[in-house]
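As structure tokens, the structure follows; a few thoughts come after it.
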Amino acid sequence: MRAFEGGFTGIVATLDTGRPGPVMAFRVDMDALDLSEERDVSHRPYRDGFASCNAGMMHACGHDGHTAIGLGLAHTLKQFESGLHGVIKLIFQPAEEGTRGARAMVDAGVVDDVDYFTAVHIGTGVPAGTVVCGSDNFMATTKFDAHFTGTAAHAGAKPEDGHNALLAAAQATLALHAIAPHSEGASRVNVGVMQAGSGRNVVPASALLKVETRGASDVINQYVFERAQQAIQGAATMYGVGVETRLMGAATASSPSPQWVAWLQSQAAQVPGVNQAIERVEAPAGSEDATLMDGPRAATSRASLLYGVWHTAGGRSSQRKIRF
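By this note's numbering, the letter at position 283 of the sequence shown is numbered 283, and the numbering carries on one by one without gaps.
Okay, here's the thing in structure tokens:
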């Protein structure tokens, strides 16, 4: 097992059968989210003593289930190792929520030799008993921070000496949410955080926006991102402040390989408890940085498996409803 350093926590477990065959990779994400886990006896992790021990953080959004899937797959593969061929990699990826973890693992060479790649996620609105074998509805996304730098001044005595970073950030926020949609597909933009100011009598000298753009395709997301940069720069110019944009994460749109999807679909349909194995779902399903894990091989086949579960309140899944 190989551990990754440099700010991320990821593990790759490799099973080399010693027999000729393809290199296959299965990726599960295991990062925590900024959520408080329930403290109620109806919540099994709390009742049985394995709930999060860190206040304000928990493995929500199915990530506890993903980790369990990866560990269960490792156990099963080891049981049947004598009948397997090739190399199988189990990728336990960090930082999926900010679309940062996959890039770090790609840069580390994890998928350089992979022939068949499959990412796993539970939920996403799919009913229990359904497996989506080739989700192609993950949107391209760019996450970035915009740091505005102005000049502080006393708001009563010398307001003319100040350059208001808060107003620039506010103007940028309104302009960002006014970006026209694209005619060729869905697009999104959201300012999730705005922080500014130090006191009611001080012209704010700094402000921070945390922003994300999304698009049904890479082209659409790039369109929204470029318009966002123009809006931010224009707001900074209007109020005479400086601005610096820092890229925080990114993911491309998903494009699964039809032949690999068809094979996965045929196999999933034979699994007890699977009511239907379908090719894709229609509605946009957010973004997923596993789309970056194509690897350098042009022949790499890739797909995303979505397992349907019943989600309950608190960002968890009902343990009795998951079928693998």
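Ideal placement from N, C-alpha and C gives every residue a C-beta, glycine not left out.
Just so we're clear, the structure is a prediction, and the values are computed from it rather than from any experiment.
Helix, strand or coil at residue i [DSSP, three-state]
| i | result |
| --- | --- |
| residue 299 | Unreliable positioning characterises residue 299 in this predicted model, as indicated by a pLDDT of 45, which lies under 50. The coordinate reading is nonetheless provided below. Residue state, collapsed to three classes: coil. |
| residue 39 | coil |
| residue 122 | strand |
| residue 23 | strand |
| residue 82 | helix |
| residue 114 | coil |
| residue 140 | strand |
| residue 189 | strand |
| residue 76 | helix |
| residue 293 | coil |
| residue 172 | helix |
DSSP beta-bridge partners of residue i
| i | result |
| --- | --- |
| residue 92 | 11, 28 |
| residue 206 | 149 |
| residue 16 | 87 |
| residue 177 | Answer by DSSP bridge pairing: none, since residue 177 is not bridged. |
| residue 163 | 151 |
Cutoff 8 angstroms: residue i Cβ touching any chain C Cβ
| i | result |
| --- | --- |
| residue 141 | In summary, chain C is missing from the structure at hand, where a single protein chain is found. |
Contact under 8 angstroms by Cβ, residue i with residue j
| i | j | result |
| --- | --- | --- |
| residue 236 | residue 148 | yes |
| residue 262 | residue 291 | no |
| residue 253 | residue 152 | no |
| residue 214 | residue 183 | no |
| residue 114 | residue 89 | yes |
| residue 232 | residue 178 | no |
| residue 87 | residue 168 | no |
| residue 126 | residue 281 | yes |
| residue 67 | residue 92 | yes |
| residue 121 | residue 279 | no |
| residue 145 | residue 248 | yes |
| residue 84 | residue 73 | no |
| residue 134 | residue 150 | no |
| residue 166 | residue 196 | yes |
Whole-number beta carbon distance between residue j and residue i, since they are thought to touch under 8 angstroms
| i | j | result |
| --- | --- | --- |
| residue 191 | residue 209 | 6 angstroms |
| residue 131 | residue 268 | 4 angstroms |
| residue 256 | residue 136 | 6 angstroms |
| residue 202 | residue 154 | 7 angstroms |
Minimum length 3: unbroken beta strand (DSSP E) runs contained in the segment 192-279: 206-215, 242-251, 276-278
Along the chain, which unbroken stretches of the alpha helix (DSSP H) at least 4 residues long are found entirely within the segment 46-72? Listed in chain order, nothing qualifies, since the segment 46-72 has no complete alpha helix (DSSP H) run of 4 or more residues.
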